[in-house]
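Engineer:
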Amino acid sequence: MQRMKIKSFPIFFSIPLALLTGAIACIIAADVAYVHRSDIISTLLSKDIITSMLLTLATSAVTTLISVIIAVPSAYALSRFKFPGAIVLDTLIDLLIVVPVLVVGVSILVFFRMGFLLETSRFLPALLIGKAIQWLGDVFIYQRAGIVLAQFFCSVPFAVRVIKSTFDDMSPRTEHVAQTLGCTKWQAFFRVSLPLARQGIFAGAVLAWARAFGLFGPISIVAGAVRQKTEVLSTSIFLEISIGQLETGIALSLLMVAIASAILLLFRVVSGKTLFGGAVQT
Amino acid sequence: MIEIKNLRHRAGEFKLAIDLTIAESEYFVLLGKTGCGKTLLLECLSGLRACDRGSSIAINGLDITNAEPRERSVGYVPQEGALFTHLNVRENIAFALRVAHVYKNKIDKEVNRFAELLGITHLLKREVKGLSGGERQRVALARALVRKPSVLLLDEPVSALDEGTRDAVCRELLTMQREMKIPVIHVCHSFDEAAILADRVGIMREGAIVQRGILDELFDRPVDAYVAKMMRLDNIFTGGLSASGNLAVNGMEFFTKPMNGSRTFIVNPRLVRIAKNGDPPFPAGESNVMRGTVREMRRRGPITGIVVEGPIALTLYAAPDEVDELSIGKGAKLTVAFPSRAIHMLKE
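For the record, the sequence lines run as chains A and B.
With the first letter of the first sequence counted as 1, position 261 gets the number 261 in this note's numbering; the numbers rise by one all the way through.
With the first letter of the second sequence counted as 1, position 298 gets the number 298 in this note's numbering; the numbers rise by one all the way through.
#1: In chain order, what residues of the same chain have a beta carbon less than 8 Å from the beta carbon of L40 (chain B), not counting five sequence neighbours either side?
#2: Quick one: is W209 (chain A) buried, meaning 16 or more other Cβ sit within 10 Å of its Cβ, or exposed?
#3: Just to confirm, are V110 (chain A) and I201 (chain A) a CB contact at a threshold of 8 Å?
#4: Could you tell me how far apart the beta carbons of G292 (chain B) and L334 (chain B) are, in whole angstroms, since I believe they sit closer than 8 Å?
#5: So what does DSSP say about S159 (chain B), is it helix, strand or coil?
#6: Within this structure, are the beta carbons of P311 (chain B) and M290 (chain B) separated by less than 8 Å?
#7: Rounding to the nearest angstrom, what Cα-Cα distance links N6 (chain B) and K38 (chain B) in this structure?
#8: Per DSSP, N88 (chain B) is paired with what?
#9: Pop quiz: V158 (chain B) and R166 (chain B) are said to be a contact at Cβ under 8 Å. What is the actual Cβ separation, rounded to whole angstroms?
#10: Is the beta carbon of E24 (chain B) sitting closer than 8 Å to the one on P183 (chain B)?
#11: Between the beta-carbon of V162 (chain A) and the beta-carbon of A132 (chain A), is there less than 8 Å?
#12: In whole angstroms, what separates the C-alpha of K229 (chain A) from that of A178 (chain A)?
#13: Work out the CA separation of G261 (chain B) and G239 (chain B) for me, nearest whole Å.
#14: Within 8 Å, do at least three Cβ pairs link the segment 226-244 of chain A to the segment 92-100 of chain A?
#15: Please determine, among B:M1, B:L31 and B:E163, the residue with the shortest C-alpha to C-alpha distance to F219 (chain B).
#16: Are W174 (chain A) and A82 (chain B) close, meaning C-beta to C-beta below 8 Å?
#17: Any beta carbon from chain B within less than 8 Å of G182 (chain A)'s own beta carbon?
#18: Am I right that L233 (chain B) and M176 (chain B) are in contact with their C-beta atoms under 8 Å? What's the rounded C-beta distance?
#19: Kindly indicate the opening and closing residues of the beta strand (DSSP E) around S244 (chain B).
#20: So, is the C-beta of A11 (chain B) closer than 8 Å to a C-beta in chain A?
#21: When burial is assigned at 16 or more other CB atoms within 10 Å of the CB, is F9 (chain A) buried or exposed?
#22: Rounding to the nearest angstrom, what Cα-Cα distance links D39 (chain A) and V269 (chain A) in this structure?
#23: Going by DSSP in three states, I41 (chain A) sits in which element: helix, strand or coil?
#24: Could you give the distance in angstroms between the alpha-carbon of M204 (chain B) and the alpha-carbon of V210 (chain B)?
#25: Run through DSSP, which three-state label would M345 (chain B) get?
#26: Among B:H344, B:Y317 and B:E348, which residue has its Cα nearest to the Cα of L336 (chain B)?
#27: Exposed or buried, what is K109 (chain B) when buried is set at 16 or more other beta-carbons lying within 10 Å of its beta-carbon?
#28: Taking one C-beta from the segment 121-132 of chain A and one from the segment 210-229 of chain A each time, how about it: are there three or more such pairs within less than 8 Å?
#29: Are V29 (chain B) and C188 (chain B) touching if we call contact CB-CB under 8 Å?
#30: Quick check on the DSSP output: what are the complete alpha helix (DSSP H) runs of length 4 or more inside the segment 193-236 of chain A, in order along the chain?
#31: Let's test the definition: count the other Cβ atoms within 10 Å of the Cβ of Y103 (chain B) and tell me whether it reaches 16, buried, or not, exposed.
#32: Compare the C-alpha of Q134 (chain A) against each of A:I108, A:I11, A:I147 and A:L102 and name the closest.
#33: Spell out whether any CB of chain B is found under 8 Å from the CB atom of Q283 (chain A).
#34: Can you give, in chain order, each stretch of the alpha helix (DSSP H) that sits fully within the segment 94-124 of chain B and has at least 4 residues?
#35: Can you tell me the Cβ-Cβ gap for D224 (chain B) and K330 (chain B), rounded? I've got them flagged as a contact below 8 Å.
#36: Output the distance between the C-alpha atoms of S165 (chain A) and Q199 (chain A), rounded to the nearest integer angstrom.
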């Protein structure tokens with residue numbers, strides 16, 4: 001009888017993968033098992049939750065758009081230009097990834113608090129800056145714009161990182177050739193570099209969106225959690241659980257899981273790649 | 001015609017200093033080792049790097065020293081082609097014409113013409129990602145040529161290709177250049193490419209051209225050991241002085257004396273002969289004779305390079321008929337001789 005050969009090499013690597021994905025599936029399955037269908041339906045029909053969901057989708061979309069608009073030129077500059085202090089700027093962007101997001105929220109709040117302090121100054125420029133900061137504070141603090149501001153600071157570094165690595169991987173020679181073929185530097189950027197980087201930009205946008213979509217701490221610090229005004233899905237979950245409405249909180253969690261899964265799947269279908277560049281396994 | 005006068009460019013510690021004139025319809029091959037400044041020179045000529053003050057570049061009498069790359073009428077093909085992977089082959093070739101807002105009918109006509117010239121008509125609908133190395137280079141060439149540049153700059157266009165493809169692309173390059181009648185500067189580090197393509201060759205070292213001329217001139221009379229090595233000459237020796245004041249290596253005396261203090265010289269392998277029946281083939285008193293053993297035989301196209309090991313290892317070229325006639329093989333004992341004019345002194 002022929003002995004069956006056990007392939008130990010792939011099994012060794014597959015076990016951690018199976019454990020990891022199994023654990024993720026278990027915690028989602030626990031949510032699904034815990035909550036009743038009636039809880040999900042009543043949650044989805046709640047006016048507060050509908051407002052919260054729409055606000056989450058709208059703010060995260062606006063944040064993603066602003067993040068990409070800022071991240072593309074920033075990433076290009078960091079990738080292509082050599083200038084003194086580039087390493088400092090690069091580190092500053094990484095700092096936003098490394099520090100706890102609550103620190104970002106607190107720092108934004110403190111920055112606008114500076115407006116009050118500067119406004120009392122006798123030095124005219126400081127006084128004017130103080131007034132401007134205070135005016136901006138009125139625009140952002142405990143307002144919907146504050147949600148976008150908090151999301152932006154926490155999302156944009158991820159977009160910059162991914163898009164910069166895309167530009168790093170692209171040879172500047174393609175742009176050089178475009179210039180010798182009649183393009184200005186602007187045309188070479190828009191006709192060659194930008195289209196070549198489109199997958200990286202798309203991946204950066206999805207990462208920025210994912211970060212903005214699930215953000216909680218800095219939003220509650222900068223914009224508060226006012227029902228029907230500045231409440232996003234993540235704050236809704238916190239609020240529901242804090243008042244003992246566990247079922248509603250779990251139903252909201254499942255809603256967020258569903259939306260996030262749909263967006264990630266859409267990205268993979270459209271780009272044919274995973275968020276971090278690897279090809280999708282079929 | 002390209003006139004490069006006093007071209008200077010500094011990149012960190014590296015300095016580029018070039019004076020060069022290339023005639024209309026001339027195929028000029030610039031040979032040099034990696035890091036000698038070949039690519040830097042092409043980038044200066046194409047306007048991708050600014051030249052230092054005092055530099056001058058003129059194409060057909062028009063000064064383009066400070067012109068933008070797009071204003072220079074220079075076709076530039078970098079290493080590996082740098083094709084635009086978001087466009088297909090047709091779109092790549094049409095790129096320059098689209099940027100110039102040429103009518104679609106004319107674009108199609110020109111793209112088809114250059115695709116035909118380079119034998120890539122069947123690739124026009126293909127994506128760039130699936131192309132082989134040779135196909136990529138042909139597409140890159142067509143893309144550069146469709147703009148009808150006044151000069152073509154090629155940065156190691158065939159160095160990444162296998163031998164068969166390389167020779168085929170080289171033949172196409174020559175056909176294209178003869179048809180379009182434009183000057184070409186082709187930089188590479190392969191002697192074979194220069195041998196196939198060049199009207200004239202320049203040897204570049206540390207940012208400067210150390211010698212230029214037709215290939216035979218450089219082969220027969222290299223100025224120094226670097227040029228000799230670029231010409232794939234093996235017979236480079238540094239000698240001591242014999243009792244009679246002649247140069248000597250490992251006890252073998254050569255009928256030549258040191259020149260300007262230099263004791264380094266080459267022995268031209270084309271002038272080294274096998275002495276049949278032991279008789280030196282050159283007049284007595286002029287013949288440098290060596291007896292040795294065949295160590296190595298290398299077939300180089302229609303000739304065979306034979307390395308004979310005696311007091312020195314001497315390479316000579318022989319026709320296949322001669323090799324067969326004398327039944328030469330590895331380990332065979334041979335007497336070889338060369339006249340004094342085969343010895344060429346090098347600068348140290």
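Glycine is no exception: its CB is placed at the ideal position from the N, C-alpha and C atoms.
Structural biologist: Short version:
#1: For L40 (chain B), where only same-chain residues beyond five positions count, the Cβ hits under 8 Å are H9, A11, F14, L16, R49 and G207.
#2: Classification for W209 (chain A): buried.
#3: No.
#4: Right, their Cβ atoms sit about 6 Å apart.
#5: Shown here, S159 (chain B) sits in coil according to DSSP, grouped into three states, outside any helix or strand.
#6: A Cβ-Cβ contact shorter than 8 Å links P311 (chain B) with M290 (chain B).
#7: Straight across, the Cα-Cα distance linking N6 (chain B) with K38 (chain B) is about 16 Å.
#8: DSSP lists B:E127 as partners of N88 (chain B).
#9: Contact between V158 (chain B) and R166 (chain B) is confirmed by a C-beta separation of about 4 Å, below the 8 Å threshold.
#10: P183 (chain B) sits close to E24 (chain B), with the two beta carbons spaced by under 8 Å.
#11: Between V162 (chain A) and A132 (chain A), the CB-CB gap reaches or exceeds 8 Å.
#12: K229 (chain A) and A178 (chain A): Cα-Cα distance of roughly 50 Å.
#13: Looking at the two C-alpha atoms, the distance is approximately 12 Å.
#14: As far as the Cβ criterion goes, the segment 92-100 of chain A does not touch the segment 226-244 of chain A, which means the pair count is below three.
#15: Comparing Cα-Cα distances from F219 (chain B) to each of B:M1, B:L31 and B:E163, the minimum goes to B:L31.
#16: Reading off the sequence shown, one finds Thr at residue 174 (chain A), where the question assumed Trp. In contact: T174 (chain A) and A82 (chain B) (Cβ atoms closer than 8 Å).
#17: The Cβ of G182 (chain A) sits closer than 8 Å to at least one Cβ of chain B.
#18: 31 Å between Cβ atoms; not a contact.
#19: Bounds of any beta strand (DSSP E) do not take in S244 (chain B), whose DSSP letter is neither H nor E.
#20: So, not an interface residue.
#21: It is exposed - the Cβ of F9 (chain A) has fewer than 16 other Cβ atoms within 10 Å.
#22: So the two alpha carbons sit approximately 32 Å from each other.
#23: Three-state DSSP puts I41 (chain A) in a helix.
#24: If I take the Cα positions, the gap works out to 6 Å.
#25: In the structure shown, M345 (chain B) sits in a strand (DSSP, three-state: E or B).
#26: The question names Leu, but residue 336 (chain B) is Val in the sequence shown. It is B:Y317 whose Cα lies nearest to the Cα of V336 (chain B).
#27: Exposed, by the Cβ-count rule.
#28: They do not touch, by the three-pair rule.
#29: Their beta carbons are under 8 Å apart, which means V29 (chain B) touches C188 (chain B) by this criterion.
#30: Segments of the alpha helix (DSSP H) lying fully in the segment 193-236 of chain A: 198-214 and 217-222.
#31: Its Cβ having fewer than 16 others within 10 Å, Y103 (chain B) is exposed.
#32: Of the candidates A:I108, A:I11, A:I147 and A:L102, the one whose C-alpha sits nearest the C-alpha of Q134 (chain A) is A:I108.
#33: Past the boundaries of the shown model lies residue 283 (chain A); chain A is included only from 1 to 282, so the question cannot be answered.
#34: For the segment 94-124 of chain B, whole alpha helix (DSSP H) runs of length 4 or above, ordered along the chain, are 104-117.
#35: Incorrect: roughly 32 Å between the Cβ atoms, too far for contact.
#36: About 12 Å.
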